[in-house]
Each structure stands twice: as C-alpha cells, then as structure tokens.
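**Student:**
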Amino acid sequence: MTGKKIIVAVTGSIAAYKSLLLVRLLKKAGCEVKVIMSPAACHFVAPLSFATLSENEVLVDFFKDDTWNNHVSLGIWADYMIVAPASANTIAKAANGISDNMLLATYLSAKCPVVFCPAMDLDMYKHPSTIHNLKRLQSFGNQIIHAKYGELASGLVGEGRLAEPEEIFEYIQYTIAASDELKGKKFLITAGPTYEAIDPVRFIGNHSSGKMGLAIAETIANKGGLVELVIGPNQLDIQHQGINVTNCTSAEEMYAACQKVHASVDVSIFAAAVADYRPSEVATQKIKKSDSELHLTLVKNVDIAYQLGQQKRNDQIHVGFALETENEEANGQKKLQKKNFDFLVLNSLNDPGAGFKHDTNKIKIIESNGKVNDFELKSKNDVAKDIVEFLISHLLEK
Ligand code: CTP
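In the working numbering, the protein residues as written are 25 to 422.
Pasting the structure below:
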C-alpha cells in the first residue's frame, strides 16, 4: 500500500464519521490520501478533521477564492477512489453522469478503479431505483462494497449500514495487491449446467447454479486476468469488465464456444456440470401425453474436458472439477489422469454445506502427483480464492 494515491470521497450521510477512521487506516498503511467531500457531507463532519488526518487540503467546491480545483488532474492522480459513505443521491447522480459538485466531477474524470460503499436507510437501500443505480455503476466497472445489516441512524434495523472502515480497508488492500497478479494471462472457464432438449419445451438438466465458476472468474478478473466464461443457463448477475461471457444451452454449444478460445488461453478451468447424455432425437413438436410410459433413448455427449485435454499444449494448464459420492479420492485420481488435468478440485456430496445449491463449498485439491490438499468448509467466494491461489502458487509461478 505504501505510496498508493487514494481519493476518499465522502458524501452526506451520518456514517461520514466512519470515513475518518478509513483515512487513518490508509495513512497508517503508507498511502497518500486526498479527501473530497460533497457539500452535504460537510454538515456531518468538519472538513478540518479530514484535512488533519489526511495531511492534505480537503476539496469541496470547484472554486476556492480565485483558484479552480482541477478535478481532471485529481482523477488522473489517484490509484484508487473510494466513495464512502456513498449516499443514495450520489449513487444516483454518478450512475447517470451528473457532475454538479467537485466529488462527482472527479468521479467522472477518474481513470482508476472506483469503489462505492453505500450507506442509507433500509427503505432507500431496498428501493428499486437504488438497486438499479448500483447495478448500473457496476456495469461501468465500478466495485461495490455492499451495505451491512444492523441498527441504522433512523432507529430502524436492516440493511443500509456502511461497511466498517476495517472491511473497506482490507478490501482495498487485497484488491491493490491482487490487481496485477494475473495481468496478461488468459483463462477459459466453463460453468453452470447444460440443458439437453427433449422437445421445444422440455430438457434434461441438473441443479448446477454456475456460482462456483463465476466466483472463480471474478477472483481471476480481480487479479487482472482476462476470462472467457462459457456458461450454461443461469440466474446470475455477471458484470465484471474482465469477464467475457458466452451463454450456451447444450453441451454441444458449450464445446463449440470452448473450441473457439481454447488455443488462445493459458489456463482452462472446467467447472461446468455438463450433462453426460442427451436425447438421441429432439422432437420438433411438444410431446403429447399418450401411453403410460415414455421411453427416451439417450446418447453420450461430448466430454469437453477430455477432448480439449487431448489438444492441451505443454504451456497450457487444465483444472478439472469432480463431484463424487463414493471412493472420492480414487475416482478423482482416475479422472485427473484420463482428462489430462494438472489438478482436480473435488467436492463431495457427503460434506454438509457442499454442492450445487449451497453458497458454501468444501473442497480437496488433488495434484497430478497424487498429493491431496484438504480445505475447510467456506463460502464459494473464499473457495474460489483458495483455488486461484493454489493455481498461482503451484503452477503459474513455476
Ligand atoms: N466435463 C466436461 N464435459 C463433460 C463431462 C464432464 O467438460 N461432458 C468436465 C467437468 O466440467 C469436470 C470434469 O469433466 O471438470 C469431471 O466431470 P464429471 O461429471 O465428474 O465427470 P464424468 O466424466 O462425467 O464422470 P462421471 O461418470 O462421474 O459423471
């Protein structure tokens, strides 16, 4: 963090006092900090407090005496801009390109990553316009540290509290440290289920949500890697600038999309739950109910990981996934060899909290030399971090 140039942009919210602590943490870590306040923020905390802690003049207006505060040069100066607290008003204005104060003009001129940390009353936070505006900010590549649940200034209890300064600081610290680690590397990630059509309205599918694959994609993209995410039907909100999404439905479509990019990537991660079989014929019209039994003939689908494993070059890395219900490690080992994986992430349905429908997962990583690495039950985001760290330390750094 030493020497990093950070703008802390404070808007009108009772939580503005927490940003004093954030400035302190950043300064202690060796950052150069400049604070911009919206005019409304000055009603909550005096600029003098921020000036003292940041050891820099605090900017509020476009003009001071006869001098013009240059928002453009400030936007270029910064390595990172943190809008904390970000009020509903500032979020709405930023999402729509309004720049009627110094803070917003600097945001529009910023060349660096910007993170918004919302803080407001629970009904404002839940309002569809705020949700929409935050999504819009994300779609422009901004990052959001979502508000937390707890007691609010209004006396109500709910979501809307500014994240604690320590959490914001840790996020920035992690992101800055991580942001260049995978720069220049390209990744293919398969994720989600595949749906194999029976007729125009029915399909064979599975419960995969695509969450694990997306969490890995986001972790990699946050570290500067470029991700080609080839994903089956899903309900996910995929917004990251570093992730190029190809949506597909069937295994055949997923394979075709992977083939287009496989040769150009450094690492392929096969997190999709591809249907192993598909109906041999797809009825052109909806199948009508008639007999008491309906027999479908299924044929084997392409094994994407196996096929691409045959084409893998020495400079490429393949990571596989397996969900086993028995003889997990032995079956995992076999899959690793057969599909030419460099390592395999094993989930077990026997572990409570692991698997398709949970937000948590418990994994083992099996290496090609047979070594098994055990991990604790964690959120899928933290599991993604473990997998990506493992990839970096065991394979990419060699
Ligand atoms: N995989 C794939 N294409 C398929 C099937 C699987 O790319 N048609 C990939 C998965 O994404 C995963 C790995 O292969 O990375 C293992 O998937 P899994 O379903 O466990 O393997 P299968 O070969 O289908 O074995 P099983 O008989 O256990 O279903």
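Just so it is clear, CB atoms sit at the ideal spot from N, CA and C, and this is done for glycine as well.
Could you name the residues of the same chain whose beta carbon sits closer than 6 Å to that of Y279, not counting the 5 residues immediately before and after it, in chain order?
**Tutor:** Excluding positions up to five away in sequence, the list reads V326, I328.
**Student:** Three-state secondary structure (DSSP) at F365?
**Tutor:** DSSP places F365 in coil when its eight states are reduced to three.
**Student:** Taking the alpha carbon of L260 as the reference point, which residue from S233, F87, K404, D85 has its own alpha carbon closest?
**Tutor:** S233
**Student:** If you count every other CB in all the chains shown that lies within 10 Å of the CB of Y198, and 16 or more means buried, which is it?
**Tutor:** exposed
**Student:** Should P217 and A297 be called a contact, given that it needs their Cβ atoms to be closer than 8 Å?
**Tutor:** yes
**Student:** Answer yes or no: the CB of G237 versus the heavy atoms of ligand 1, is any distance below 7 Å?
**Tutor:** no
**Student:** At the level of alpha carbons, what is the spacing between T214 and I60?
**Tutor:** 42 Å
**Student:** Evaluate H231 with the Cβ neighbour count: other Cβ atoms within 10 Å of its Cβ, from every protein chain shown; 16 or more gives buried, anything less gives exposed.
**Tutor:** exposed
**Student:** Are I168 and L46 closer than 8 Å when you measure CB to CB?
**Tutor:** no
**Student:** Which runs of the alpha helix (DSSP H) at least 4 residues long sit entirely within the stretch 265-344? Give them in chain order.
**Tutor:** 275-286, 328-335
**Student:** Let me check you understand the geometry: is the CB of V326 closer than 7 Å to at least one non-hydrogen atom of ligand 1?
**Tutor:** Yes, the Cβ of V326 comes within 7 Å of a heavy atom of ligand 1.
**Student:** Using 8 Å as the threshold, is the C-beta distance between V139 and N120 below it?
**Tutor:** no
**Student:** Are the beta-carbon atoms of I228 and I293 separated by less than 8 Å?
**Tutor:** no
**Student:** Output the distance between the C-alpha atoms of S14 and K359, rounded to the nearest integer angstrom.
**Tutor:** This structure cannot speak to residue 14, because the chain is shown only from 25 to 422.
**Student:** Which runs of the alpha helix (DSSP H) fall wholly inside the stretch 37-67 and span at least 4 residues, in chain order?
**Tutor:** 40-52
**Student:** Which residues in the same chain as I341 place their Cβ atom closer than 8 Å to its Cβ, once the five residues preceding and following it in sequence are excluded?
**Tutor:** D290, V291, S292, D366, L415, L419, L420
**Student:** Can you give me the start and stop residues for the beta strand (DSSP E) that Y173 sits inside?
**Tutor:** In the DSSP assignment, Y173 falls within the unbroken beta strand (DSSP E) covering 172-175.
**Student:** Just verifying my parser: in three-state terms, what is the DSSP assignment at N371?
**Tutor:** Three-state result, N371: strand.
**Student:** Below 6 Å CB to CB, which residues in the same chain sit around K42 once its five sequence neighbours on both sides are set aside?
**Tutor:** L186, P189
**Student:** If you draw a straight line from the C-alpha of G256 to the C-alpha of D223, how long is it?
**Tutor:** So the alpha carbons of these two residues sit roughly 18 Å apart.
**Student:** Would DSSP call V69 helix, strand or coil?
**Tutor:** Assignment of V69 by DSSP, reduced to helix, strand and coil, places it in the coil class.
**Student:** For the stretch 328-338 against the stretch 304-312, are there 3 or more C-beta pairs whose distance is under 8 Å?
**Tutor:** no
**Student:** Using a threshold of 7 Å, is the CB atom of L347 nearer than that to any non-hydrogen atom of ligand 1?
**Tutor:** yes
**Student:** Could you give the uninterrupted runs of the beta strand (DSSP E) lying entirely in the stretch 127-181, keeping only those of 3 residues or more?
**Tutor:** 138-142, 172-175
**Student:** Give me the Cβ distance between R302 and A275, rounded to the nearest whole Å; I'm assuming they're in contact under 8 Å.
**Tutor:** 7 Å
**Student:** Using 8 Å as the threshold, is the C-beta distance between I38 and A177 below it?
**Tutor:** yes
**Student:** Per DSSP, S403 forms a beta bridge with which residues?
**Tutor:** Beta-bridge pairing links S403 to T384.
**Student:** Please identify the residue among L180, E242, G248 whose C-alpha is closest to the C-alpha of D19.
**Tutor:** Residue 19 falls outside the range modelled here, since the chain spans only 25 to 422, and no answer is possible.
**Student:** Expressed to the nearest angstrom, what Euclidean distance is found between the alpha-carbon atoms of A299 and L373?
**Tutor:** Distance between the alpha carbons of A299 and L373: 18 Å.
**Student:** Going by C-alpha distance, which of V107, E81, S314, A346 is nearest T35?
**Tutor:** V107
**Student:** If you drop the 5 nearest sequence neighbours on each side, which residues of the same chain put their C-beta closer than 6 Å to that of K388?
**Tutor:** L370, V396, D398
**Student:** Restricting to runs no shorter than 4 residues, where is the alpha helix (DSSP H) found entirely within the stretch 226-270?
**Tutor:** Runs found: 235-246.
**Student:** From the DSSP output, in three-state form, read off V107 for me.
**Tutor:** strand
**Student:** Beta carbon of G294: closer than 7 Å to some heavy atom of ligand 1?
**Tutor:** According to the sequence displayed, residue 294 carries Phe and not Gly. Flag set: Cβ of F294 near ligand 1.
**Student:** If you draw a straight line from the alpha carbon of G438 to that of W101, how long is it in whole angstroms?
**Tutor:** Outside the displayed span of the chain (25 to 422) sits residue 438, for which this structure offers no information.
**Student:** Is DSSP giving T76 helix, strand or coil here?
**Tutor:** helix
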